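Below is one structure, written out as structure tokens; comments come after it.
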Amino acid sequence: MLFEFLAEHQQLIGWLGALSVLIFFGSLVLIPWLIARIPVDYFQAEKRFPFRAKSRYPKLDRSLTVLKNILGIVFILAGLAMLFLPGQGLLTLLVGMMMSNFPGKYKLERKIVAKPSVLKTLNWIRRKYKRPPLATDPLQAQQE
36 MLFEFLAEHQ QLIGWLGALS VLIFFGSLVL IPWLIARIPV DYFQAEKRFP
86 FRAKSRYPKL DRSLTVLKNI LGIVFILAGL AMLFLPGQGL LTLLVGMMMS
136 NFPGKYKLER KIVAKPSVLK TLNWIRRKYK RPPLATDPLQ AQQE
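What follows is the structure, given as structure tokens:
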């Protein structure tokens, strides 16, 4: 039964394999680049309030927000897949969450970054890009 399915869907399996390789290598380049651009004090505040800029082009703003959320969802799905496949699963999930808008997002981001292994990896990547380490509490910002 499994062999029949594989024989019938060879093209689909080939496309999924190619997509998996593309996402893997894309994440190796894109995820560190995005992590290097996180503001140093991003995780310090207890609460984060959404930024609402007044624009002359509200339709364009909404369209860009929708595209950003779609890209964030793609990163979240890729991160979930990378938890079982080769790749940077937790980091990809974190970047996808940071790109998306949903209730409770900031609290969840802070919970993930509070894990010492995640914060250590984020700061290691930031060092490679010659960026300062992420500050995770208000006292840390005053010391730097």
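If you're matching positions, the sequence shown starts at 36 in my numbering and goes up one per residue.
Where a beta carbon is used, it is the ideal one built from N, C-alpha and C, also for glycine.
Predicted, not measured: the structure shown is a model, and the values here were computed from it.
Leucine 154 and tyrosine 77: beta carbons closer than 8 Å? no
DSSP on isoleucine 181, reduced to helix/strand/coil? This structure does not reach residue 181, given that the chain is present from 36 up to 179, and the question cannot be answered.
Would you call the CB atoms of alanine 113 and threonine 127 closer than 8 Å? yes
Same chain only: Cβ atoms within 6 Å of asparagine 130, ignoring 5 sequence neighbours per side: One point to set straight first is that residue 130 is valine, not asparagine, in the sequence displayed. Result list for valine 130: Ile66, Leu69, Phe110, in chain order.
Hey, methionine 134 and leucine 106: beta-carbon distance below 8 Å or not? yes
Taking Cβ to Cβ, would you say glycine 124 is nearer than 8 Å to methionine 132? no
Length of the line joining the Cα atoms of glutamate 43 and leucine 51: 14 Å
Using only CA atoms, which one of Gly49, Val56, Gln45, Phe38 lies nearest to leucine 120? Val56
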